[in-house]
Structures are given as C-alpha cells and as structure tokens.
Amino acid sequence: EKKAMEFGRENQELKKHVGFVIIWKWKENDGTWKPYESTVSAAIDKLKIGESYSYTFSGNNTTYKITKKSEHAAEQINTSTNAKREVKATHPINTMHGIKYPKWWNMSKIDL
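My numbering puts the first residue of the sequence shown at 24, with every later residue one more than the last.
This is how it looks when you write it as structure tokens:
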C-alpha cells in the first residue's frame, strides 16, 4: 500500500511538471463545489495523508483547518464553529495552453 501511495504522489508530481494542476474544491451547503484560491489548492495538494493546513479566508476573517484524508479527499473544519465540509480534488487541468499535442496524444487517458 505504501508503494502505491508513493507511486500516486510521484504521478501527481509528474503531471505538475508537464503542465497539469490539481484543483481542490469544497462543498457548499447547496451541494455545489467551490474552488479554493490557487495558493490554498496548492498547499492542500502538497499535504501528506493525515497532515493539516490552516488558513484564514480574508473575505470573512475565518480560519479553516483542512486535513488530507486521501490523495483525492480532505475535510475542512471552521476553527470557530467546528462546522465540517467535504473537500475533493478535481481531475488535472492542462495549464500548457497553446501547445499542439501529437494526434496520438489522448488527454482523456490522464487520471488522478
């Protein structure tokens, strides 16, 4: 299992180097998924499973603690109210705009 987790982390790191980023999102009360700011998303992605990241959202001056539960899931806790929200990683997004890929390149085969 440890080797599988290491492979997964290496796979994610490779995707970043070839122009893909993972966007992390939190689940709103109405069931919609809202993306984190890029700096928060990057911080979550760098966490190891079980590690936490805290940040203060300037929009409401609220501090949140995000704990990574798996390579693709985390939990957000409002440190004032202890309210919890689901957090998930999206599929990789290609950040190398304007690059012409060869005809054999199949973007749909890239997975988390």
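Beta carbons are placed, not taken as given, at the ideal position from N, Cα and C, and that holds for glycine.
These numbers come from a predicted model, not from an experiment.
Query                                                                                            : Result
DSSP beta-bridge partners of Glu98                                                               : Thr90 and Glu109
Cross-strand partners of Lys50 (DSSP beta bridge)                                                : Trp56
First and last residue of the uninterrupted alpha helix (DSSP H) at Thr79                        : Premise fails: Thr79 lies in the beta strand (DSSP E), Ser75 to Phe80, not in any alpha helix (DSSP H).
Under the three-state DSSP convention, the category Thr62 falls into                             : helix
Proximal residues to Tyr76 (C-beta, below 7 Å), its chain only, five neighbours per side dropped : Ala66, Ile67, Leu70 and Ile89
Cβ-Cβ distance between Asn101 and Tyr87 below 9 Å                                                : yes
Contact belief for Arg4 with Trp49 at Cβ below 8 Å, rounded distance in angstroms                : What is shown of the chain runs 24 to 135, which leaves residue 4 out entirely.
Residue from Gly82, Thr79 and Val110 whose Cα sits closest to the Cα of Ala97                    : Val110
Rounded separation between Ile46 and Thr113 - CA only                                            : 5 Å
Buried or exposed (CB count within 10 angstroms, at least 16 for buried), Ser64                  : buried
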